[in-house]
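Heads up: the sequence shown runs through residues 0 to 147, numbered per numbering that gives the first Met the number 0.
Quick reminder that beta carbons are idealized off the backbone N, C-alpha and C, glycines included.
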Amino acid sequence: MPAGRPPKYDDENTLQQHIDDYFADCDNTVINKQVVQKGEIILVPTPKPYTMAGLARALEMSRETLNQYSKTDKFSDAIAQARRRIEEQNICLAMVGCYESRIAALNLSSNFGYSDRSAQEIDDKRRLEDSLDDLQEKRLKVVPGGKR
0 MPAGRPPKYD DENTLQQHID DYFADCDNTV INKQVVQKGE IILVPTPKPY
50 TMAGLARALE MSRETLNQYS KTDKFSDAIA QARRRIEEQN ICLAMVGCYE
100 SRIAALNLSS NFGYSDRSAQ EIDDKRRLED SLDDLQEKRL KVVPGGKR
């Protein structure tokens with residue numbers, strides 16, 4: 000940890016206990032989602048979602064501090080396991096429609112690196128130039144009367 004305020008947690012066991020308490024609280028808390036069915040509003044019991052923001056709040060720290068803790072050898076395994084559990088629950092409940100799709104997409108992209116676009120990066124300019132030269136050469140071979 001950088002200089003400044005002393006760390007809130009000194010050992011992984013204490014941190015893990017607080018993480019487990021957070022998940023237990025979520026599992027034992029039901030939120031009633033309002034759904035319109037056949038013209039009437041009904042309440043659908045939905046589990047309280049796991050979130051990185053919620054975990055950070057339960058650990059009494061900011062998301063940024065939680066991310067810093069995740070980079071330390073002492074706490075990285077516990078936080079990585081918690082992140083995977085949050086990610087899994089978010090995906091599962093989004094897939095069955097418990098979460099509004101835009102919020103689920105925002106959460107997964109912000110916290111877990113998901114993207115709804117496929118992106119391809121070419122980081123080697125030389126490779127790009129070689130590829131363009133190859134395409135030009137093939138085009139010249141295909142076009143009747145193509146000259147080199």
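Thinking C-alpha only, which one of the options is nearest residue i?
i, options, result
"T13", "A57, E39 and L42", "A57"
"R62", "S69, K70 and A52", "A52"
"I18", "S114, A104, Y49 and E87", "Y49"
"P5", "Y68, I102 and L42", "Y68"
"N110", "Q33, A79, F74 and E11", "A79"
Counting only the same chain and skipping the five closest in sequence on each side, list residues whose C-beta sits under 7 Å from that of residue i.
i, result
"N66", "none"
Output the distance between the C-alpha atoms of residue i and residue j, rounded to the nearest integer angstrom.
i, j, result
"D20", "I85", "14 Å"
"L54", "Q88", "13 Å"
"M94", "M60", "30 Å"
"I90", "L105", "12 Å"
"Q33", "F74", "39 Å"
Could you tell me the boundaries of the beta strand (DSSP E) in which residue i lies?
i, result
"T45", "E39 to P46"
"N31", "V29 to Q36"
I think residue i touches residue j, with their Cβ atoms under 8 Å apart; what is that distance to the nearest whole Å?
i, j, result
"K47", "T28", "4 Å"
So residue i is in the alpha helix (DSSP H); what residue range does that whole segment cover?
i, result
"C97", "Here C97 belongs to no alpha helix (DSSP H), and DSSP marks it neither H nor E."
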